[in-house]
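Just so you know, we're using my numbering here: the sequence shown kicks off at 279 and counts up by one.
Note sheet for the following structure.
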Amino acid sequence: MVVITGGAGYIGSYLTERLIKEKPLVVDNFSSGNFKVEGATYLVEDLRLTSDIKLEKGCTLYHLAANPDVRTSMESVGEHFDQDVRASLNVAEICRKSDCEEVIFTSSSTVYGETRVIPTPEESSTSPISYYGVYKLMAEEIFQFYSRVYGIRTVILRLANVVGGSRQTHGIVPDFIKKLMRDPTTLEILGNGEQRKSYIYISDVIDAMIHLAKVTGKCEVYNLGNSDWVTVKEIASIVEGEMGLNPQHKFRDAGEGRGWKGDVREMLLDIRKMLEAGVKVNYSSSEDITKATDDVLRNVKPY
Ligand SMILES: NC(=O)c1ccc[n+]([C@@H]2O[C@H](COP(=O)([O-])OP(=O)(O)OC[C@H]3O[C@@H](n4cnc5c(N)ncnc54)[C@H](O)[C@@H]3O)[C@@H](O)[C@H]2O)c1
Numbered sequence: 279m280v281v282i283t284g285g286a287g288y289i290g291s292y293l294t295e296r297l298i299k300e301k302p303l304v305v306d307n308f309s310s311g312n313f314k315v316e317g318a319t320y321l322v323e324d325l326r327l328t329s330d331i332k333l334e335k336g337c338t339l340y341h342l343a344a345n346p347d348v349r350t351s352m353e354s355v356g357e358h359f360d361q362d363v364r365a366s367l368n369v370a371e372i373c374r375k376s377d378c379e380e381v382i383f384t385s386s387s388t389v390y391g392e393t394r395v396i397p398t399p400e401e402s403s404t405s406p407i408s409y410y411g412v413y414k415l416m417a418e419e420i421f422q423f424y425s426r427v428y429g430i431r432t433v434i435l436r437l438a439n440v441v442g443g444s445r446q447t448h449g450i451v452p453d454f455i456k457k458l459m460r461d462p463t464t465l466e467i468l469g470n471g472e473q474r475k476s477y478i479y480i481s482d483v484i485d486a487m488i489h490l491a492k493v494t495g496k497c498e499v500y501n502l503g504n505s506d507w508v509t510v511k512e513i514a515s516i517v518e519g520e521m522g523l524n525p526q527h528k529f530r531d532a533g534e535g536r537g538w539k540g541d542v543r544e545m546l547l548d549i550r551k552m553l554e555a556g557v558k559v560n561y562s563s564s565e566d567i568t569k570a571t572d573d574v575l576r577n578v579k580p581y
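Here's what the structure looks like:
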């Protein structure tokens, strides 16, 4: 049996679609996601509040339910703790009580913070600069503990920025498109536009998650990203090009060139471990942005 928490959200709904032959059970409170896939079963539960969900023995559980917004984590500190840590502890307890075989947890590149080691390998030190990053790290520790003590096989995936598909509800691409649709003459850019980050296309992420779930040993951490990166200004130029616009840029700097408090300005993951495990990346970061822009504009499915 396959269980997907957060399966009504952006990444989770594409994962649900890809695993549909296994008739997955989705656990989601529909707080931010609302994508339902035919053939899946939906259990509406708030994972902050319960660890009393009985699953079939020996299941594989993908844990995606969280609040992925770095910016709001800097303001709603307690709320994010509940969504990202308490919910993860409850999920770990559900797995223990149900004798789950394996957990795949979507962590984040933000756990590294502003490291000097770029590209950043998995064994680098972690020093997050946002509550979101801290909470992801705490959730990683929880799942590693459950693996060590209760023997639940665990795969921790530290994701770069995910883009693509018509269901992108958050992130830089839909943000720029929405702003340019409202006002095609001016684009507000958060930060100084020099921030440089790595992107990965949604279908590459889903394929990687399913592949790594099968090949991984007792407890492994993988970076999941791309081998290159793009600046925010380059992203603006790609999106504008795809929309046939040439707007003026208005920069809103949250300090030191950041787009918001907690914004990591440079992120490029070392992805050798995932490549060695057989994961393939089909598109570069700039191709990802081009495809993601087209997906939103043309309402295209990534598969
Ligand atoms: N999108 C990215 O670029 C990115 C990058 C790194 C890591 N991640 C991680 O990947 C996962 C999925 O991200 P996403 O972009 O699809 O986010 P999303 O907000 O689209 O999906 C999250 C889902 O979790 C559900 N949810 C939230 N709190 C819940 C709760 N207490 N109980 C039950 N359901 C709850 C929401 O309703 C939603 O359907 C998250 O863990 C996120 O932190 C995402």
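Just so you know, even glycine gets a beta-carbon here, dropped at the ideal spot from N, CA and C.
Predicted model, so just to flag it, every value in this text is computed and none were measured.
Determine the DSSP secondary structure at residue i, reduced to helix, strand or coil.
i: N274; result: Look at the range of the chain in this structure, 279 to 581, and you will see that residue 274 is not part of it.
i: Q446; result: coil
i: R374; result: helix
i: L546; result: coil
i: I407; result: coil
i: A295; result: First, the amino acid is wrong: residue 295 is Glu here, not Ala. It is helical.
i: L333; result: coil
i: E315; result: For clarity, residue 315 is Val in the given sequence; the question names Glu instead. Coil.
i: K456; result: helix
i: R530; result: strand
i: I430; result: coil
i: L342; result: coil
i: T398; result: strand
i: L415; result: helix
i: V574; result: helix
i: V559; result: coil
i: R474; result: strand
i: L509; result: Here residue 509 is Thr; the residue named in the question, Leu, does not match the sequence. T509: strand per DSSP, three-state reduction.
i: E380; result: strand
i: T568; result: helix
To the nearest angstrom, how far is it from the Cα of residue i to the Cα of residue j?
i: L458; j: V517; result: 9 angstroms
i: R536; j: N470; result: 7 angstroms
i: N560; j: I549; result: 13 angstroms
i: W538; j: L468; result: 7 angstroms
i: S366; j: Y477; result: 25 angstroms
i: E392; j: P399; result: 13 angstroms
i: S310; j: A343; result: 10 angstroms
i: D324; j: I407; result: 27 angstroms
i: E295; j: T283; result: 14 angstroms
i: G442; j: Y292; result: 11 angstroms
i: L437; j: S386; result: 5 angstroms
i: I372; j: Q422; result: 15 angstroms
i: T509; j: I567; result: 11 angstroms
i: V273; j: R349; result: No answer is possible for residue 273: the residues shown for the chain start at 279 and end at 581.
i: V305; j: R326; result: 12 angstroms
i: I430; j: D377; result: 8 angstroms
i: I488; j: V542; result: 28 angstroms
i: I513; j: Q446; result: 16 angstroms
i: Y320; j: H527; result: 43 angstroms
i: K375; j: H341; result: 16 angstroms
i: F308; j: T384; result: 18 angstroms
i: R460; j: F313; result: 25 angstroms
i: S264; j: S562; result: This structure does not reach residue 264, given that the chain is present from 279 up to 581, and the question cannot be answered.
i: I455; j: E565; result: 17 angstroms
i: E472; j: K301; result: 44 angstroms
i: L523; j: S515; result: 9 angstroms
i: E334; j: V322; result: 17 angstroms
i: K496; j: L303; result: 24 angstroms
i: G285; j: K558; result: 23 angstroms
i: D573; j: K511; result: 20 angstroms
i: W507; j: E357; result: 32 angstroms
i: R530; j: V355; result: 23 angstroms
For residue i, would you say it is in contact with chain B, using Cβ-to-Cβ distances shorter than 9 angstroms as the test?
i: N560; result: As a matter of chain content, chain B is missing from the structure shown, which is built from one protein chain.
Less than 9 angstroms between the beta carbons of residue i and residue j, yes or no?
i: V427; j: L339; result: no
i: A491; j: E380; result: yes
i: A318; j: I331; result: no
i: S481; j: N577; result: no
i: Y479; j: V440; result: yes
i: R474; j: E544; result: yes
i: N368; j: S425; result: no
i: L415; j: T404; result: yes
i: T494; j: A532; result: no
i: A370; j: I450; result: no
Am I right that residue i and residue j are in contact with their C-beta atoms under 8 angstroms? What's the rounded C-beta distance?
i: Y410; j: D362; result: 7 angstroms
i: L465; j: A486; result: Not quite, the Cβ-Cβ distance comes to about 32 angstroms (not below 8 angstroms), so this is no contact.
i: V499; j: I434; result: 4 angstroms
i: D360; j: H448; result: Between H448 and D360 the Cβ distance is about 19 angstroms, and since that is not below 8 angstroms, they are no contact.
i: P452; j: L547; result: Their Cβ separation, rounded to whole angstroms, is 23 angstroms, which puts P452 and L547 out of contact at 8 angstroms.
i: P525; j: T571; result: Not confirmed; about 15 angstroms, so no contact.
i: S351; j: G540; result: 7 angstroms
By DSSP's criteria, residue i is part of a beta bridge. Which residues make up the other side?
i: V305; result: T283 and L321
i: Q422; result: Note: Q422 sits in no beta bridge, so no partner.
i: I488; result: The partner list for I488 (beta bridge, DSSP) is empty, contrary to what the question assumes.
i: S385; result: R436
i: Y479; result: V441
i: L468; result: R530
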